[in-house]
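Novice: Have a look at this one.
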Amino acid sequence: MDQTGDVFCQIVSGDLEAAVVTRTDELVAFLDHRPVFKGHVLIAPVEHVDTMLELPPTLMAPLLTLAQRVARAQQQVLGAQGSFVAMNNVVSQSVPHLHLHVVPRRRGDGLRGFFWPRTRYGDGEARQLADDLAAALP
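Mapping of the sequence shown onto UniProt numbering: residues 1 to 138, in sequence order.
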């Protein structure tokens with residue numbers, strides 16, 4: 001994949017300015033330039049990774065650990081009562097570089113969540129699907 005148009009790779013390389021919160025050898029955390037709420041942070045691997053399916057297992061714990069640290073900082077600095085943590089993979093992924101959103105939340109902040117369509121399982125369908133998914137796990 002040609003990554004020259006990947007804005008997160010450009011942020012990592014220093015070719016594109018961003019409000020960086022922190023950076024390690026593995027990850028970079030920076031403010032979203034179009035935040036849901038002020039203090040909305042994106043965390044991305046320094047090395048290009050398209051989606052969660054390609055994320056090396058060695059980065060999983062550091063990614064969530066940094067998200068936890070950011071959420072705590074949002075509570076301290078912004079008075080956030082909680083956080084919304086999310087990652088899109090391909091569908092609704094606006095930048096083709098894995099990134100985790102850590103959005104500060106407060107009760108009554110106006111974010112109503114997502115209105116996903118809901119469905120129901122038929123008799124035995126849930127158990128069969130759970131078994132099929134378990135069998136397909138690597």
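Note that CB positions come from ideal geometry on N, CA and C, so glycine has one too.
Predicted model only: the values in this text are computed from it and were never measured.
1) What are the boundary residues of the beta strand (DSSP E) that includes Arg-105?
2) Tell me whether the segment 23-42 and the segment 99-114 touch, counting them as touching only if at least three CB pairs, one residue from each stretch, are closer than 8 angstroms.
3) State the start and end residues of the unbroken alpha helix (DSSP H) segment that holds Thr-58.
4) Could you give the distance in angstroms between the alpha-carbon of Glu-17 and the alpha-carbon of Ala-136?
5) Among the residues of its own chain, which have a CB less than 7 angstroms from the CB of Arg-106, if the five just before and after it don't count?
6) Buried or exposed: His-97, going by 16 or more other Cβ atoms within 10 Å of its Cβ?
7) Determine the DSSP secondary structure at Phe-84, reduced to helix, strand or coil.
Specialist: Here's the rundown:
1) 100-105
2) yes
3) 57-78
4) 42 angstroms
5) Ala-80, Gln-81
6) buried
7) strand
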